[in-house]
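In the numbering used here, the protein residues as written are 140 to 408.
Right under this line is the structure:
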């Protein structure tokens, strides 16, 4: 099941192969796809309507205690209905959704949908071009800084792009077609996380020696060790994702160093 997290930040940065915002760091190669879409409405709990009806019936009862209880039930139901209405009111607003291979989902709100489309195109460029880059995105002011942009066979570097009165130039650069989704296919760059393969190999060997062979943690460690011995970063990433629960379990953490656990957590972010 995917975990969704709303981002509120004006300090969204893309630097080389990583995206940073607030206290989070995401590897670009861990992004599966990007969408512009509304936040799904929360499911309405019909049970609260029943509670409200019971409360109304209680308020017209003869006993004072029953009337008080009925009023409290009715008030409880009304609070929920009000909460639901408030949380559903921004359903028409558009958000930039960033889906990760680990099934984590981040979404960012911006009033200007055209700006979100530009951010999508910039992110697509960064994903497809692993060159040195340092880009800052301000969703409040709708500005992009330090953006490398490919135009056909030509390359133009734009220092700052804004929307609003000066948006015509940026529209010419990016094109005016509407984009709502980008699906990403990229190779995993393990070098961003693993600087010493020997240490990873040693830790996984230690895990295989100490873990019970019948355990899920042992099976996961054995597959991971096979990839680590080949220094296959993409394969190791897939194994970590496949057995994420096992690698983050207390049993596995008890037999390996915190160094390996932190690498796994970073790769699964």
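Glycine included, C-beta positions come from ideal geometry on N, C-alpha and C. Since we're looking at a predicted model, the values are computed, not measured.
Three-state class that DSSP yields for residue 285 in the structure shown: If DSSP states are grouped into helix, strand and coil, residue 285 belongs with the strands.
Residue burial classification, residue 492 (beta-carbon count within 10 angstroms, cutoff 16): In the structure as shown, the chain begins at 140 and stops at 408. Residue 492 is therefore absent and cannot be evaluated.
Residue nearest to residue 245 in terms of C-alpha spacing, selected from 165, 375, 187, 338: Comparing Cα-Cα distances from residue 245 to each of 165, 375, 187, 338, the minimum goes to 165.
Residue 402 and residue 372 closer than 8 Å at C-beta: Taking 8 Å as the Cβ cut-off, residue 402 and residue 372 do not qualify as a contacting pair.
For residue 278, the first and last residue of its enclosing beta strand (DSSP E): Segment: none, residue 278 is in no beta strand (DSSP E) and carries neither H nor E.
Touching by the beta-carbon criterion (3+ pairs, under 8 Å), the stretch 392-402 and the stretch 334-351: Look at the beta carbons and you see the stretch 392-402 touching the stretch 334-351: at least three pairs across the two are nearer than 8 Å.
Residue range of the unbroken beta strand (DSSP E) whose run includes residue 182: Counting along the chain, no beta strand (DSSP E) covers residue 182, and no H or E run does either.
Span of the alpha helix (DSSP H), counted from its first residue to its last, around residue 342: For residue 342, the enclosing alpha helix (DSSP H) covers residues 336-349.
Cβ-based neighbour list, residue 190, same chain, cut-off 6 Å, excluding 5 preceding and 5 following: The answer, listed in chain order, is 212, 216.
Neighbourhood of residue 218 by C-beta distance below 8 Å, restricted to the same chain and skipping five residues each side: Counting only Cβ-Cβ distances below 8 Å, and skipping sequence neighbours, we find nothing.
Short Cβ contact (8 Å threshold) for residue 234 with residue 225: At a Cβ-Cβ threshold of 8 Å, residue 234 and residue 225 do not count as neighbours.
Reference residue 195, options 184, 207, 185, closest by Cα: Distances from the CA of residue 195 to each of 184, 207, 185 were compared; the closest alpha carbon is that of 207.
As assigned by DSSP and simplified to three states, the class of residue 167: It is helical.
Opening and closing residue of the beta strand (DSSP E) in which residue 394 lies: No residue range can be given for residue 394, since it is assigned to no beta strand (DSSP E) and is classified by DSSP as neither H nor E.
Candidates 384, 374, 272, of which the one nearest residue 153 by Cα: Nearest of 384, 374, 272 to residue 153, Cα basis: 272.
Contacting residues, own chain, Cβ-Cβ under 7 Å from residue 370 (five flanking each side not counted): Closer than 7 Å at Cβ, skipping near neighbours: 336.
Where residue 216 sits in the DSSP three-state scheme: Note: residue 216 maps to helix in three-state DSSP.
C-alpha gap between residue 361 and residue 177, whole angstroms: The alpha-carbon atoms of residue 361 and residue 177 are separated by roughly 42 Å.
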